[in-house]
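Protein chains in written order, with numbering that gives the first Met the number 0: chain A, 0 to 530; chain B, 0 to 417. A short write-up of the structure that comes next.
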Amino acid sequence: MELTLWTYEGPPHVGAMRIASSMKDVHYVLHAPQGDTYADLLFTMIERRGKRPPVTYTTFQARDLGGDTAELVKGHIREAVERFKPKTLLVGESCTAELIQDQPGSLAQGMDLKIPIVSLELPAYSKKENWGAAETFYQLVRGLLINQTKKNIEYNPTIWKDEGRRPKVNLLGPTLLGFRCRDDVLEIQKLLGAHGIDINVIAPLNASPEDILRLTSADLNICLYPEIAESVCSWLQRNYGIPFTKTVPIGVNATKDFLKEIYELLGMGNPISQTDVEPSKMPWYSKSVDSNYLTGKRVFIFGDGTHAIAAARIATEELGFKVVGLGTYSREMARPVRAAAKDLGLEALISNNYLEVEAAITESAPELVLGTQMERHSAKRLGIPCAVISTPIHVQDVPARYSPQMGWEGANVIFDDWVHPLMMGLEEHLIGMFRHDFEFVDGHQSHLGHQSIKQDLKSDLQSEKKLLDISNEQSANNEPVWTPEGKEELAKIPFFVRGKVRRNTEQYARQAGCRNIDSETLYDAKAHFHA
Amino acid sequence: MSGANLLKESGPREVFCGLTSIVWLHRRMPDAFFLVVGSRTCAHLIQSAAGVMIFAEPRFGTAILEEKDLAGLADAHEELDRVVKDLLARRPEIRTLFLVGSCPSEVIKLDLGRVAERLNEALIGQVRVLNYSGSGIETTFTQGEDGALKALVPLMPKSDDQQLLIVGTLANSVEDRFISIFKRLGIKQISSLPPRQSTDLPSIGSGTKVLLAQPYLTETAKALKHLGAEILSAPFPLGVEGSILWMKEATKSFGINDSLVNSTLEPLKLRAIKALQPYKEKLSGKKLFLLPESQLELPLARFLHRECGMELIEVGTPYLNREMMKMELELLPEGTRVMEGQHVDKQLDRVREYKPDLVVCGMGLANPLEAEGISTKWSIELVFSPIHGIDQAADLAELFARPLHRNELLNQKVLTTA
């Protein structure tokens with residue numbers, strides 16, 4: 000039993016809903032009790048969909064459990080097929096139905112429905128949403144293609160040349176409730192189009208069962224979101240010999256590597272720049288002098304595996320940040336995230352407990368947090384700027400404007416999204432400096448939540464009070480004590496690094512055996528930690 | 000009973016389960032914690048409905064059952080003890096812990112009553128542990144509150160003193176307002192269930208007269224009646240008329256003279272009707288379709304028809320307790336279609352057929368209907384907003400007028416040069 004106050008991922012059947020709702024002509028009969036229909040609002044409210052998810056819930060009640068629930072399931076299946084006329088039917092169960100073991104998938108298969116039935120077994124008590132989405136996509140693709148004759152496993156990367164056509168690829172993995180999938184797909188289509196590569200099928204987003212049947216005529220699979228598509232991609236490779244890309248094109252360097260990988264796999268030689276103009280503004284913006292202050296910014300990264308790893312690379316290679324924490328809530332992605340963290344000299348945080356993540360943020364004292372919407376809230380409480388890089392999705396992550404993460408434009412979006420909160424971080428510092436000036440209007444809105452300066456002052460006073468309290472505590476414990484002059488110096492340090500400086504100075508004072516911390520100790524510590 | 004046309008339907012339902020009521024119950028009693036014993040689905044449901052992220056740490060959570068808990072119930076009991084111990088160590092300010100049953104805990108027959116009993120002994124003097132079920136197989140949305148309040152009833156101290164007991168969660172401001180009006184009317188002892196502190200329970204006994212503020216408290220009412228209380232039968236305090244009839248039921252049973260009642264309530268009534276007027280103009284003659292969800296549908300339909308002039312196409316309700324809704328049904332116009340239960344697809348077919356001006360529905364259905372050009376009002380807002388009472392009648396009407404008003408704003412042309 001696991002105490003959970005909030006969870007990054009829903010249950011696996013919500014993952015299945017993401018696949019069903021992303022597609023056309025697919026319907027999902029979900030054996031589930033009343034109440035599980037809440038999941039519809041994820042699509043209709045958060046993603047603002049103007050369509051109900053194509054899901055029929057059996058909504059059984061306690062009184063049904065005494066009777067024939069199997070008949071109830073069959074009734075719902077029959078009605079759903081008649082009413083919605085899907086071309087493929089997914090059948091599965093939620094956590095409660097799993098316990099009563101009606102086996103709705105087998106029931107459906109015994110009903111002579113004349114459409115392909117994909118039976119889903121998604122263990123609700125051990126797996127989560129992303130796994131459920133990946134498994135559903137895999138079962139669906141496998142179920143629809145199973146009768147198709149297998150291609151020659153020997154893969155010929157240049158067959159498109161022999162056939163006198165442009166190479167064509169599948170884009171696999173984009174779904175509803177994914178992070179900016181809607182716009183990533185457009186950006187990648189644009190990118191590949193500029194390199195003379197056609198799109199064969201995009202799936203699951205907006206794909207129909209007929210599209211799934213056409214998957215095998217592609218020369219290459221582009222695995223856009225490994226969390227969702229990797230199992231399908233490797234199955235297609237094993238059974239049809241179609242290779243797939245391993246690079247996720249988020250960031251300028253990753254996009255370049257992505258193109259290089261595609262060129263190699265398709266036998267296209269070396270990618271050449273299409274124009275003399277730099278395709279993304281990120282490299283120049285990052286190099287321009289205004290960005291000098293970004294150097295060595297401490298950044299804490301947490302999210303799904305794909306976006307967290309991509310963020311770590313962009314942060315270090317493209318923006319010159321220092322990554323001080325890296326983690327994911329996705330156990331399936333723990334291995335690559337651990338490897339990435341190791342490269343950065345860190346130990347990865349693999350956790351589904353947001354309080355643990357918040358504690359790790361506090362501990363590493365970053366100047367910027369790149370996380371999920373939950374880390375945005377944690378960072379707000381800690382007074383640290385934050386940008387959101389990953390699901391779980393929130394209404395703010397479905398912006399009206401075009402806002403991809405992938406490709407050249409994605410890099411531009413990322414530059415703006417990550418750097419603006421930081422600029423504001425400096426602005427906060429200026430506000431702190433000037434707030435005692437009489438021209439300053441009380442109630443000036445800060446971007447960090449809707450705190451007024453009055454509250455900022457209050458929390459500042461509180462932290463100053465805490466500092467005093469700490470000093471008293473310290474003297475009782477024979478710990479170094481801040482002198483009033485030391486405290487005054489500490490107060491001059493920007494709020495977002497003050498905690499770190501305080502800890503470092505105290506640590507230094509202990510090591511050096513100082514009883515009192517004055518401004519000199521503070522500067523001694525500063526020099527010590529620079530050295 | 001009047002001629003409301005009582006119909007029944009069954010099929011796929013689109014309603015919340017009783018766990019959802021934790022969302023307002025935990026705010027009402029800040030010293031209580033609601034621990035759902037369930038699955039990741041339960042945790043995901045509550046966080047999706049409640050906007051949990053704004054809390055540093057919410058006062059509700061889920062003990063998520065894992066495969067090993069399903070394998071042996073003995074272990075599940077031990078595990079739950081451990082989770083509760085950890086939780087209370089983390090939140091020492093908690094005085095009442097509700098163990099809330101869910102669909103999976105009911106299906107595996109995890110006896111939360113026994114767990115509560117055992118934990119009560121272990122935690123005596125520190126925390127009281129109660130249990131109820133919010134499972135979707137047994138409860139719908141607001142029924143969860145019925146379960147929670149019923150669990151509190153046995154702990155209420157016994158007293159046969161004369162008192163008025165208001166039962167059902169109200170917004171604090173609304174509750175204060177009712178209390179001050181009742182005091183003006185000469186009722187001296189007034190208390191509420193649930194109280195604002197879980198440990199501050201009102202007394203119960205033969206002198207207690209109960210006014211139900213919410214229409215979904217069947218089991219709680221039964222339990223209170225069993226302890227000697229008199230349950231007053233009135234329409235629910237939504238709108239001017241409902242609120243006045245509700246308050247008058249109390250004054251009648253306390254033997255308060257009519258002239259005091261009328262002289263106190265008449266000015267309030269006139270003022271409220273005046274405030275209601277602009278919304279009445281907007282809503283009058285408009286067609287209304289209510290889908291089942293909160294159990295407030297009947298009182299709302301009565302208010303929107305009788306005081307705002309709306310035409311009722313269909314009034315859905317998740318379940319119909321005829322005894323509890325007797326007065327409400329009597330006030331509905333002849334032949335009103337009251338649909339108990341749901342077949343959501345068929346119901347949506349009827350929505351499309353009758354083309355109402357406004358549909359009251361859950362969040363899963365609102366945007367899809369809007370996309371079809373049908374204005375909606377989501378029902379969950381009604382359980383979060385202060386809508387009860389005479390002074391709130393205009394606010395309540397405004398909630399329904401707003402979507403219509405918004406449509407007008409978005410369809411108007413103001414700048415002549417454009």
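Each residue gets a CB set at the ideal place from its N, CA and C atoms; glycine is no exception. Only a predicted model underlies this, so the values are computations on that prediction, with no experimental measurement involved.
For residue i: DSSP bridge partner residues
i, result
"M405/A", "I249/A"
"H76/B", "Per DSSP, none; premise fails for H76/B."
"C385/A", "V368/A"
"C360/B", "W377/B"
"L305/A", "Per the sequence presented here, residue 305/A reads as Thr, with Leu not at that position. DSSP lists no partner for T305/A."
"C307/B", "C307/B is not bridged to any residue."
"N366/B", "According to DSSP, N366/B bridges with nothing at all."
"L207/B", "It is Thr, not Leu, that sits at residue 207/B in the sequence shown. Paired residues: Q162/B."
"C94/A", "According to DSSP, C94/A bridges with nothing at all."
"R297/A", "K321/A"
"W481/A", "I516/A"
"I116/A", "L88/A"
Best match in the options for proximity to residue i [C-alpha to C-alpha]
i, options, result
"Q125/B", "T95/B, P57/B, A115/B", "T95/B"
"E380/B", "K224/B, S179/B, L109/B, A396/B", "A396/B"
"G388/B", "R405/B, I165/B, V358/B", "I165/B"
"W159/A", "W407/A, P53/A, L264/A", "L264/A"
"F253/B", "L287/B, F181/B, Q213/B", "F181/B"
"I261/A", "T43/A, I413/A, I221/A", "I221/A"
"A170/B", "V337/B, S134/B, P236/B", "P236/B"
"T254/A", "R501/A, E186/A, L293/A, Y292/A", "E186/A"
"Y154/A", "E478/A, G240/A, H30/A", "G240/A"
"R183/B", "G167/B, N261/B, D110/B, L129/B", "N261/B"
"R51/A", "N477/A, Y27/A, A31/A", "Y27/A"
"F140/B", "T215/A, G163/A, D35/A", "D35/A"
"K279/B", "R321/B, R305/B, P298/B, T415/B", "R305/B"
"L71/A", "T416/B, I203/B, E240/B, P11/B", "P11/B"
"P298/B", "K285/B, G284/B, K281/B, N320/B", "N320/B"
"I243/B", "L72/B, Q391/B, L398/B", "Q391/B"
Beta strand (DSSP E) segment containing residue i, residue limits
i, result
"I107/B", "No beta strand (DSSP E) holds I107/B; DSSP gives it neither H nor E."
"S132/B", "127–132"
"A228/A", "Run containing A228/A: none in the beta strand (DSSP E); it sits in the alpha helix (DSSP H), 225–239."
"E339/B", "336–340"
"V314/B", "310–316"
"F33/B", "31–37"
"A202/A", "197–202"
"S285/A", "Looking at the DSSP string, S285/A is not in any beta strand (DSSP E); the run it does join, the alpha helix (DSSP H), is 281–286."
"A62/B", "59–63"
"Y56/A", "54–56"
"T95/B", "95–100"
"L287/B", "286–289"
Limits of the alpha helix (DSSP H) - the one that residue i falls within
i, result
"Y154/A", "Neither: Y154/A is in no alpha helix (DSSP H) and is coded neither H nor E."
"N129/A", "128–144"
"F83/A", "68–83"
"C180/A", "180–193"
Contact test: residue i Cβ vs the ligand COA heavy atom, cutoff 7 Å
i, result
"L368/B", "Because no ligand of any kind appears in the structure shown, any question about the ligand COA cannot be addressed here."
Continuous beta strand (DSSP E) assignments of at least 3 residues falling wholly in the segment 214–271 of chain B = none
Every unbroken alpha helix (DSSP H) inside the segment 491–518 of chain A [4 residues or more] = 494–511
For the segment 317–360 of chain A, list the alpha helix (DSSP H) runs that are entirely contained and at least 4 residues long, ordered along the chain.
-> Within the segment 317–360 of chain A, the complete alpha helix (DSSP H) runs of at least 4 residues are 333–342.
Is it true that the segment 69–80 of chain A meets the segment 80–90 of chain B, where meeting means three or more beta-carbon pairs spaced less than 8 Å apart?
-> no
Is it a yes or a no for the segment 283–297 of chain B touching the segment 305–321 of chain B, going by three-plus beta-carbon pairs under 8 Å?
-> yes
Is the segment 346–358 of chain B close to the segment 258–276 of chain B, with three or more CB pairs under 8 Å?
-> Contact between the segment 346–358 of chain B and the segment 258–276 of chain B is absent: fewer than 3 CB-CB pairs across the two stretches fall below 8 Å.
Are the segment 365–375 of chain B and the segment 34–46 of chain B touching by the rule of at least three beta carbon pairs closer than 8 Å?
-> no
Counting Cβ pairs closer than 8 Å, one from the segment 1–15 of chain A and one from the segment 515–523 of chain A, do we hit at least three?
-> As far as the Cβ criterion goes, the segment 1–15 of chain A does not touch the segment 515–523 of chain A, which means the pair count is below three.
Hey, which unbroken runs of the alpha helix (DSSP H) at 4 residues or more fall wholly within the segment 0–46 of chain A?
-> 11–21
Which whole runs of the alpha helix (DSSP H) in the segment 157–192 of chain B are 4 residues long or more, in chain order?
-> 171–183
The segment 296–311 of chain A in contact with the segment 372–390 of chain A per 3-pair CB rule at 8 Å = yes
How about the segment 10–24 of chain A and the segment 174–188 of chain A: do they share at least three Cβ pairs that are nearer than 8 Å?
-> yes
Would the segment 3–21 of chain B and the segment 486–501 of chain A be scored as touching if the rule is three or more Cβ pairs under 8 Å?
-> no
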